Structures are given as structure tokens and as C-alpha cells.
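Taken in sequence, the protein lines are chains L and S. Number 277 marks the last residue of the first sequence (the working numbering); no jumps. Number 123 marks the last residue of the second sequence (the working numbering); no jumps. Glycine is no exception: its CB is placed at the ideal position from the N, C-alpha and C atoms. Fair warning: this is a prediction, and the values are worked out from it, not measured in the lab. Report on the structure given below.
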Amino acid sequence: DGGITQSPKYLFRKEGQNVTLSCEQNLNHDAMYWYRQDPGQGLRLIYYSQIVNDFQKGDIAEGYSVSREKKESFPLTVTSAQKNPTAFYLCASSPWGQAVWETQYFGPGTRLLVL
Amino acid sequence: GNSVTQMEGPVTLSEEAFLTINCTYTATGYPSLFWYVQYPGEGLQLLLKATKADDKGSNKGFEATYRKETTSFHLEKGSVQVSDSAVYFCALSGAPKTSYDKVIFGPGTSLSVIP
């Protein structure tokens, strides 16, 4: 079955530590995205990537970094510069439509907690 | 800029009650409109969508009609079930273009259905 997998489901970060969240998709989608979700707020876009080896900052990129070395993978690193990392992180992917906008498919999410 | 406004929750209903969750939007051009659902501890799932004015999206007994004159996309269901308890997000995306036009999410409305 095609889909998006995120790991781990729960992740704990110590003070000053960088952590990396995994996102893999086998949907053959060109575009991938990372969102942050906080209680009572909508999703906020961190980074997105339209093609391999290219990515763009979203609305809240500070304190985060990404890479896109393979079409299937878009890992997110939460760096020590991110002072409030506790949140639910969602990865998504979508096909890059030519004539019709296509919607995003979401992974199950990773909950990041600070120790 | 583009934005989405949803009615504040949480919303608590008895089983078999009628559901309405209001959503209004601000956008330039002709956006596509979506409702996503997030069950506890999971990622978002697309519930329904409408890509042009007067379109009605429907799925699993839920419906929403794209009203350009009132810039609204209210979600309705005639008889809710306990299994409908979730957070519902209204969202929009821009008309197809050659460059990326991100999805804008509302803050979400939490629904609890009690037996």
C-alpha cells in the first residue's frame, strides 16, 4: 500500500540537542512538506520541497533544517536554536499537478517533547 | 493575504444530532477549499473538497458547499456518531499556477459526540 511513514511516533529532546524526524513516502509524489501543529492552532508550514535537492522556507523555518537527497525522503532536523520545539510534527506529500491542484496526503505525525 | 476562519470549539453534541461547523475564507482569485479531519493521535485526512464555486463536496455523510458570494464553506452532517469525534480543519489553496501556492489551514474545531 502506498503512503507516508513518519518515525519515531514520540521523540524526546534534551537541552541543546539536535534531533531528526524521519519522513518517507512511496506515493511517487514530487512535493513534500513539514508542518508544525500546536494546540488550538492550525498547521504552520516549516519547509517544503518541490523536487530533489531543492527546498524552500515556509512560515516558521527558524531553528529547523531539512534535506531532500531522494524523492522518497524529506527528513527534518530540529536544532538547538529552536527554543520551543514541543509540538506535533506532520509530514505531507503531494503530486505536482499540471492542470489541477492536487491535495496533500499526510503522515501520522511525530510528537516531540523536551526533557 | 489568504486566510481561513473557523468557528471556535470545542463543540459537544449528542449522537444523531445535526452538525454545522462554520468556515469562511479570504482569498484572491478562485481558491480550492477543503475539509480535513484529524482523529486523536493521528495525522490529517482529507474529508472532502470543492474546487469551484457552487461545487458540493461530500464524503462519509459530511457535506460542504463552496459559496463564493458569502466566501463560506460550512461543514454539515445530518446525524453525527461517536466515531465522528475529532478535530476538523477548514483549508484553502490557490488556483493552479506554475509556482507553489501553499495550503492555508484554519485553527481547527474540536468535536466531541457523546452517546
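Taking the Cβ atom as the reference point for each residue, do residue i and residue j lie within a distance shorter than 9 angstroms?
i, j, result
"residue 33 of chain S", "residue 70 of chain S", "no"
"residue 116 of chain S", "residue 168 of chain L", "no"
"residue 35 of chain S", "residue 73 of chain S", "no"
"residue 236 of chain L", "residue 266 of chain L", "no"
"residue 277 of chain L", "residue 174 of chain L", "yes"
"residue 220 of chain L", "residue 196 of chain L", "yes"
At a CB-CB cut-off below 8 angstroms, which residues of chain L make contact with residue i?
i, result
"residue 50 of chain S", "270, 271"
"residue 76 of chain S", "Going along chain L, no residue has its Cβ under 8 angstroms from residue 76 of chain S, so there is no contact; the nearest lies around 17 angstroms."
Anything in chain S within Cβ reach of residue i, meaning under 8 angstroms, just list it in chain order.
i, result
"residue 187 of chain L", "Going along chain S, no residue has its Cβ under 8 angstroms from residue 187 of chain L, so there is no contact; the nearest lies around 12 angstroms."
"residue 252 of chain L", "51, 52"
Taking only the alpha-carbon atoms, compute the straight-line gap between residue i and residue j and give it to the nearest angstrom.
i, j, result
"residue 96 of chain S", "residue 176 of chain L", "33 angstroms"
"residue 123 of chain S", "residue 24 of chain S", "9 angstroms"
"residue 10 of chain S", "residue 180 of chain L", "33 angstroms"
"residue 271 of chain L", "residue 171 of chain L", "7 angstroms"
"residue 247 of chain L", "residue 231 of chain L", "24 angstroms"
"residue 194 of chain L", "residue 205 of chain L", "15 angstroms"
"residue 44 of chain S", "residue 178 of chain L", "35 angstroms"
"residue 275 of chain L", "residue 77 of chain S", "44 angstroms"
"residue 29 of chain S", "residue 98 of chain S", "9 angstroms"
"residue 212 of chain L", "residue 192 of chain L", "6 angstroms"
"residue 13 of chain S", "residue 40 of chain S", "15 angstroms"
"residue 21 of chain S", "residue 119 of chain S", "8 angstroms"
"residue 249 of chain L", "residue 62 of chain S", "37 angstroms"
"residue 121 of chain S", "residue 46 of chain S", "15 angstroms"
"residue 199 of chain L", "residue 189 of chain L", "23 angstroms"
"residue 222 of chain L", "residue 202 of chain L", "17 angstroms"
"residue 27 of chain S", "residue 53 of chain S", "19 angstroms"
"residue 165 of chain L", "residue 269 of chain L", "8 angstroms"
"residue 218 of chain L", "residue 38 of chain S", "24 angstroms"
"residue 75 of chain S", "residue 68 of chain S", "21 angstroms"
"residue 110 of chain S", "residue 48 of chain S", "25 angstroms"
"residue 65 of chain S", "residue 102 of chain S", "17 angstroms"
"residue 263 of chain L", "residue 93 of chain S", "Low confidence applies to residue 263 of chain L: its pLDDT is 46, below 50, so where it sits in the model is not reliable, and the reading given next is rough at best. Distance between the alpha carbons of residue 263 of chain L and residue 93 of chain S is about 29 angstroms."
List, in order along the chain, the chain L residues whose C-beta lies closer than 7 angstroms to that of residue i?
i, result
"residue 115 of chain S", "202, 203, 204"
"residue 97 of chain S", "204"
"residue 89 of chain S", "Correct list: empty, because the minimum Cβ distance to chain L is about 23 angstroms."
Could you list which residues in chain L have their beta carbon closer than 9 angstroms to that of residue i, in chain order?
i, result
"residue 110 of chain S", "195, 207, 210, 220, 221"
Whose Cβ in chain S lies nearer than 7 angstroms to the Cβ of residue i?
i, result
"residue 266 of chain L", "111"
Name, please, each residue of chain S whose Cβ falls closer than 9 angstroms to the Cβ of residue i.
i, result
"residue 275 of chain L", "Here the premise fails: no neighbours, minimum Cβ distance about 14 angstroms."
Would you say residue i reaches chain C, if we count a Cβ-Cβ gap shorter than 9 angstroms as a contact?
i, result
"residue 277 of chain L", "Here chain C cannot be found, since the structure's protein chains are L and S."
Checklist entry - Is it a yes or a no for the region 252 to 259 of chain L touching the region 85 to 96 of chain S, going by three-plus beta-carbon pairs under 8 angstroms? => result The region 252 to 259 of chain L is not in contact with the region 85 to 96 of chain S.
Next on the checklist: Could you tell me which whole beta strand (DSSP E) segments of length 3 or greater appear in the region 15 to 40 of chain S?
Outcome noted: Correct list: 19 to 22, 27 to 29, 31 to 34.
Checklist entry - Whole beta strand (DSSP E) runs in the region 219 to 244 of chain L with 3 or more residues, listed along the chain? => result Within the region 219 to 244 of chain L, the complete beta strand (DSSP E) runs of at least 3 residues are 226 to 228, 238 to 240.
Checklist entry - Which runs of the beta strand (DSSP E) spanning at least 3 residues fall entirely within the region 165 to 194 of chain L, listed in chain order? => result Considered as a whole, the region 165 to 194 of chain L harbours 166 to 169, 172 to 175, 181 to 187 as its complete beta strand (DSSP E) runs of no fewer than 3 residues, in chain order.
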